[in-house]
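As structure tokens, the structure follows; a few thoughts come after it.
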Amino acid sequence: MFRKKTVPNSKDELTNEHKIPGFDNISSIFKGKSTALKNELIVENSLIEESLNISDTNIAKPSTNKAVQLIQEVQKREDRTIKPFVDYNEGLLFYPILSKIGESQDNVTCLDDLVSDGILEKKVYEKLIVCPIHPDTFSASMRLYCPKCHSMSVEKLNLFEHKKCGYITESTNFDFADHENSNCPSCKKPIKNFEKEIRVPAMWYQCDDCSEKFDNAVIKLHCRKHEHDFDTNSGQFVTTFSYKLKNSEISINSDTNQIKDELLKLLEGFNFNAKLNVSIKGKSGNVHEIPIYGKSTTSDESILIFIKNQSDGIDQSDMNSILVPKLDINPTNTLLVTVSGVNDGVENLAVHYGIHLISEPDFSKILSRVEEFVSDWYSKNGGKK
Ligand SMILES: [Zn+2]
Ligand SMILES: [Zn+2]
Ligand SMILES: [Zn+2]
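Each residue of the sequence shown is one higher than the last, beginning at 7 in our numbering.
Structure follows, in structure tokens:
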């Protein structure tokens with residue numbers, strides 16, 4: 007079971023075996039290609055229109071989307087990382103966080119989909135050594151044997167040296183059972199910090215059965231489920247992965263500097279305290295780099311403005327990278343402005359995420375569209391310029 011899911015190149019197999027209908031929706035929301043999704047988006051659209059009419063500021067309805075829920079769950083975690091849980095007895099690997107969004111805990115495909123969507127970053131978490139004959143069970147433990155008689159009754163012996171007085175003896179003569187109240191057998195002084203006060207000048211093994219003393223015990227790995235030993239060098243590796251939420255990136259692009267300055271002035275004209283390229287701490291405590299952040303001086307309202315220009319058009323991954331800081335910072339409004347084209351399905355995605363997308367071929371048109379947007383919002387709140 008487990009190996010199939012972690013071995014590279016088995017993605018097709020995975021997709022066939024483990025793709026769960028619920029998650030099919032998630033990946034297709036990102037890829038914008040499911041018909042079921044389109045229906046959902048239409049529903050979303052009308053919801054959003056309603057909420058706009060009543061000036062509801064938080065227009066996103068992210069809970070309808072499992073991928074968004076997953077991002078929100080990860081954002082709650084300090085290390086923003088999804089870690090695997092390994093059940094060594096059963097030989098299973100799963101991601102408990104998936105149960106929080108109603109997914110099967112071993113549905114690795116949905117995490118990998120978010121990697122290809124640019125939201126998560128896949129990292130090697132652990133290399134597990136598994137039995138070469140039974141690679142599906144990864145409950146291998148280490149065993150030490152006497153090199154002479156192959157007994158497992160091997161003891162580890164150390165020499166300990168009390169640094170203060172220079173006394174050296176076998177470790178068995180030091181009693182460290184009570185860590186707080188140990189004393190040197192020679193000078194009787196108390197030993198409070200073992201690591202600092204005691205040196206280990208030598209270490210060896212002794213066999214209880216044949217009394218042989220040796221420096222290196224024979225090390226074998228033991229396949230616990232099928233009860234046999236295997237050589238450490240013959241063991242196979244199984245790689246487990248963790249998934250980290252990517253940080254929002256801003257492309258510092260010199261030709262966007264001018265429009266940034268203009269947008270800043272515009273926001274200030276509407277009583278916003280606005281800043282360029284600012285680090286904002288989200289609810290999760292994580293910091294996001296935001297190209298333009300505006301905070302109203304007269305209310306609690308705020309705005310994030312992202313600027314992205316892509317020669318091959320704004321795509322889903324551009325929207326996804328904005329979604330992460332948006333959900334974490336939770337501003338009143340989020341804008342994405344671009345002089346680039348917008349790829350198919352991205353506009354619907356923007357609506358779904360509650361991101362206001364402005365795409366115009368030149369900066370002056372972008373500026374007037376942003377002004378229109380902010381002005382509408384401002385007048386709804388009864389403000390005057
Ligand atoms: Zn085995
Ligand atoms: Zn022995
Ligand atoms: Zn001493």
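Note that CB positions come from ideal geometry on N, CA and C, so glycine has one too.
In the structure shown, what three-state DSSP assignment does F276 receive? Working through the sequence shown from its first residue, we reach residue 276 at position 270. In the three-state reduction of the DSSP assignment, F276 falls in the coil class, being assigned neither a helical nor a strand state.
Can you tell me whether V352 is helix, strand or coil according to DSSP? Within the sequence shown, the letter at position 346 stands for residue 352. Looking at V352 - three-state DSSP - the assignment turns out to be helix.
S432, buried or exposed, once every other Cβ within 10 Å from all chains shown has been counted against 16: Any question about residue 432 goes unanswered here, given that the chain covers just 7 to 391.
If you scan the segment 163-194 from start to end, which runs of the beta strand (DSSP E) of 3 or more residues do you find wholly inside it? With a minimum length of 3 residues, the unbroken runs of beta strand (DSSP E) contained wholly in the segment 163-194 fall at 174-176.
From what residue to what residue does the beta strand (DSSP E) around A146 run? One-based indexing of the sequence shown puts residue 146 at position 140. Residues A146 to Y151.
Helix, strand or coil: how does DSSP classify M209 here? Stepping through the sequence shown from its first residue, residue 209 is reached at position 203. Residue state, collapsed to three classes: strand.
Is the Cβ-Cβ distance between I107 and K82 less than 7 Å? Taking the first residue of the sequence shown as position 1, residue 107 is located at position 101. Taking the first residue of the sequence shown as position 1, residue 82 is located at position 76. Taking the C-beta atoms as reference points, K82 is found no nearer than 7 Å to I107.
Going by DSSP, name the residue or residues bridged to G300. The residue given as residue 300 occupies position 294 in the sequence shown. For G300, which the question treats as bridged, DSSP gives the partners A280 and I309.
Less than 7 Å between C-beta atoms, sequence neighbours within five positions excluded: which residues of the same chain meet that for Y94? On the sequence shown, residue 94 is found 88 positions in, with the first residue counted as 1. Answer for Y94: F144 and S145, listed in chain order.
When burial is assigned at 16 or more other CB atoms within 10 Å of the CB, is F91 buried or exposed? For the purposes of this step, residue 91 is identified with residue 85 of the sequence shown, where counting begins at 1. Within 10 angstroms of the beta-carbon of F91 lie fewer than 16 other beta-carbons, which makes it exposed.
Check for me: the alpha helix (DSSP H) holding C155 runs from which residue to which? Looking up residue 155 in the sequence shown gives position 149. Where C155 is concerned, there is no enclosing alpha helix (DSSP H), given that its DSSP letter is neither H nor E.
Assigned exposure category for T304 - 16 Cβ within 10 Å defines buried: As a first step, residue 304 must be located in the sequence shown, where it is residue number 298. Counting Cβ neighbours within 10 Å, T304 comes out exposed, since fewer than 16 surround it.
Measuring alpha carbon to alpha carbon, tell me which of T115, Y151, I286 and T344 ends up nearest V4. In the structure as shown, the chain starts at 7 and stops at 391, and residue 4 therefore has no counterpart that could be examined.
Thinking C-alpha only, which one of G291, E307 and H294 is nearest N277? Taking the sequence shown and counting its residues from 1, the one referred to as residue 277 is at position 271. Residue E307 is the option with its Cα nearest to N277.
If you measure between the beta carbons of L163 and W210, is that distance less than 7 Å? Here residue 163 refers to the residue found at position 157 when the sequence shown is read from its first residue. Here residue 210 refers to the residue found at position 204 when the sequence shown is read from its first residue. L163 is a Cβ neighbour of W210, given a cutoff of 7 Å.
Buried or exposed: which applies to M148, given that a residue is buried once 16 or more other Cβ atoms fall within 10 Å of its Cβ? The sequence position of residue 148 within the sequence shown is 142, counting from 1. The residue is exposed, with fewer than 16 neighbouring Cβ atoms inside 10 Å.
Measuring only the C-alpha atoms, how far is L311 from E109? Residue numbering aside, residue 311 sits at position 305 when the sequence shown is read from its first letter. Residue numbering aside, residue 109 sits at position 103 when the sequence shown is read from its first letter. One detail in the question is off: residue 311 reads as Ile in this sequence, not Leu. If I take the Cα positions, the gap works out to 33 Å.
L354 versus G241: straight-line alpha-carbon distance, rounded: Start at 1 with the first residue of the sequence shown, and residue 354 comes out as number 348. Start at 1 with the first residue of the sequence shown, and residue 241 comes out as number 235. One detail in the question is off: residue 354 reads as Asn in this sequence, not Leu. The alpha-carbon atoms of N354 and G241 are separated by roughly 50 Å.
For the candidate residues S370, T344 and T340, whose alpha-carbon lies nearest to that of H358? The residue you call residue 358 lines up with position 352 of the sequence shown. Taking only the C-alpha atoms, the option nearest H358 is T340.
Beta-carbon separation of L89 and S248 under 7 Å? Within the sequence shown, residue 89 is the residue found at index 83, counting from 1. Within the sequence shown, residue 248 is the residue found at index 242, counting from 1. A quick correction: the sequence has Lys, not Leu, at residue 89. Pairing K89 with S248 gives a Cβ-Cβ distance under 7 Å.
In this structure, does DSSP put K231 in helix, strand or coil? As a position in the sequence shown, residue 231 is number 225, starting the count at 1. The answer is coil: DSSP assigns K231 none of H, G, I, E or B.
Helix, strand or coil for E50, going by three-state DSSP, please let me know. Residue numbering aside, residue 50 sits at position 44 when the sequence shown is read from its first letter. Its pLDDT being 39, under 50, E50 is placed unreliably in this model, and the value from its coordinates should be taken loosely. In this structure, E50 counts as helix in the three-state DSSP scheme.
Three-way DSSP call (helix, strand, coil) for D382 in this model: Sequence index remark: in the sequence shown, residue 382 carries index 376 (1-based). Reduced to three states, the DSSP call for D382 is helix.
Assess contact between the segment 187-205 and the segment 163-178, defined as three or more Cβ pairs (one per stretch) separated by less than 8 Å. Is contact present? Between the segment 187-205 and the segment 163-178, the count of Cβ pairs shorter than 8 Å is three or higher; the stretches touch.
In three-state DSSP terms, what is S365? Locating residue 365 in the sequence shown gives position 359, where the first residue counts as 1. Per DSSP, reduced to three states, the secondary structure at S365 is strand.
Considering only the alpha carbon of each residue, which of H140, K271, G275 and G291 lies closest to D85? Within the sequence shown, residue 85 is the residue found at index 79, counting from 1. If we check each option's Cα against that of D85, G291 comes out closest.
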